[in-house]
Amino acid sequence: MKSVTDKIGFLDQIKANSLDLTEKQLEIADYIIRHFDKAAFLTAARLASDVGVSESTVIRFAISLGYNGYPEFQEHLQRIIREELTSAERLRVSLDSETKDDIFSRIFMQEVENMQALFNRLPRTELRAVADAIFKANRVFVTGIRAARCLAQHFAFQLGRIHENVVEVSSAQQETWDFIKGGTGNDLLFAIAFPRYPRETVELVDFALRLNMKVTGLTDRMASPIARRCRPILLAPVEMVTFVDLYSGPLAILSSLVAEVAFRNEKKAFAYLQKFEDFARQMRVFHKE
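Residues 341 to 629 in the numbering used here are what the sequence shown lists, from first letter to last.
In structure tokens:
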């Protein structure tokens, strides 16, 4: 069950295991089959209430399918639908799944869980490898399209303060391809993409690979189309609550990456930061009373 990555395959597996389920567990299975998108966001207690069984029955149902418990089962469901639901469907499901009155707590708690999951498996080795690749690159192109564009802009700005040649190419327009087409084996593309993985980002990565550019990036899991194309790759969880993407984890990774690059040559980083401060003072970039 854990290896299934699409909704149809998951439901087929539940049906295939139906002979091994108790009568109460079959009721849970039937509910999930009929309300898959909604069920993925229900707590064990809420799912039990909707089906009319005990919470312990729901937990045993998840274990009978090969999961360590209900949280792992629910995480798998959410991971499957995250790649399939539209923004409108995400909103509908989130409004159906729990009370709307506690949306602030739900979003903040999910961000905390995402950060805790990231902290528990900090990608130190990968972070250093990506930092090395960026430090050695002649030019660094940063791309993140649609929702990930805010991450690309933030990363390109921060990295540009300590690296002499950083270009953000986060548009799906022709000029993005014009920037990239001059890339060589001495240049690097850093791609950021999360579900539902914009087609333009994947195509840009493929284009950079054909130019023999080094390609790395940030995504949510090894099975993503970005991770399958990039080495090394950084991973950050982005479990969702509503249609709004939760990006605290990715931002923490990107901030750590900038610091890692700076540590590769502290004198050079300091010189670039000082140059930025001189420019900011001359141009009166920041407000002063």
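Heads up, the beta-carbon is just placed ideally off N, CA and C, and yes, glycines get one too.
From a predicted model like this one, the values you see are computed outputs, not experimental measurements.
Candidates the options: which alpha carbon is nearest residue i's?
i, options, result
"residue 538", "559, 444, 523, 486", "486"
"residue 531", "501, 574, 502", "574"
"residue 394", "363, 420, 418", "363"
"residue 510", "570, 468, 480", "480"
"residue 578", "488, 377, 500", "488"
"residue 572", "381, 379, 373, 474", "474"
"residue 616", "500, 454, 406, 356", "500"
"residue 360", "371, 389, 403", "403"
"residue 547", "516, 504, 370", "516"
"residue 534", "377, 566, 508", "566"
"residue 595", "376, 491, 520, 551", "491"
"residue 421", "629, 372, 472, 503", "372"
"residue 599", "576, 472, 451, 588", "472"
"residue 502", "604, 621, 468", "604"
Which value, in whole angstroms, describes the spacing of the CA atoms of residue i and residue j?
i, j, result
"residue 482", "residue 625", "24 Å"
"residue 590", "residue 496", "14 Å"
"residue 400", "residue 384", "11 Å"
"residue 612", "residue 526", "21 Å"
"residue 610", "residue 351", "55 Å"
"residue 470", "residue 374", "44 Å"
"residue 406", "residue 462", "27 Å"
"residue 456", "residue 558", "18 Å"
"residue 633", "residue 554", "For residue 633 there is no data in the structure shown, the boundaries of the chain being 341 and 629."
"residue 367", "residue 419", "23 Å"
"residue 606", "residue 586", "32 Å"
"residue 536", "residue 478", "31 Å"
"residue 505", "residue 387", "52 Å"
"residue 342", "residue 416", "Unreliable placement is indicated for residue 342, whose pLDDT of 49 sits below 50; the coordinate value is still reported in the next sentence. Cα-Cα distance, rounded: 7 Å."
"residue 353", "residue 568", "25 Å"
"residue 597", "residue 370", "46 Å"
"residue 556", "residue 467", "11 Å"
Label residue i either buried or exposed according to how many other C-beta atoms from any shown protein chain fall within 10 Å of its C-beta, with 16 as the threshold for buried.
i, result
"residue 348", "exposed"
"residue 627", "exposed"
"residue 528", "buried"
"residue 623", "exposed"
"residue 562", "exposed"
"residue 392", "exposed"
"residue 449", "exposed"
"residue 442", "exposed"
"residue 396", "exposed"
"residue 602", "buried"
"residue 439", "Summary for residue 439: the model assigns pLDDT 49, below 50, so the residue's position carries little reliability; its value from the coordinates is reported in the next sentence. Answer is exposed; the Cβ neighbour count stays below 16."
"residue 454", "buried"
"residue 560", "buried"
"residue 381", "buried"
"residue 619", "exposed"
"residue 414", "buried"
"residue 356", "exposed"
"residue 444", "exposed"
"residue 523", "buried"
"residue 476", "exposed"
"residue 564", "buried"
"residue 521", "exposed"
"residue 614", "exposed"
"residue 541", "buried"
"residue 508", "buried"
"residue 465", "exposed"
"residue 452", "exposed"
Practice item. For the stretch 507-577, list the alpha helix (DSSP H) runs that are entirely contained and at least 4 residues long, ordered along the chain. Key: 514-520, 539-550
Point to revise | 3 or more residues per run - each beta strand (DSSP E) lying fully within the stretch 459-497 | key: 480-484
Review point. At what residue ranges does the stretch 352-436 contain a whole run of the alpha helix (DSSP H), taking only runs of 4 or more?
Key: 363-374, 376-379, 384-391, 395-404, 410-422
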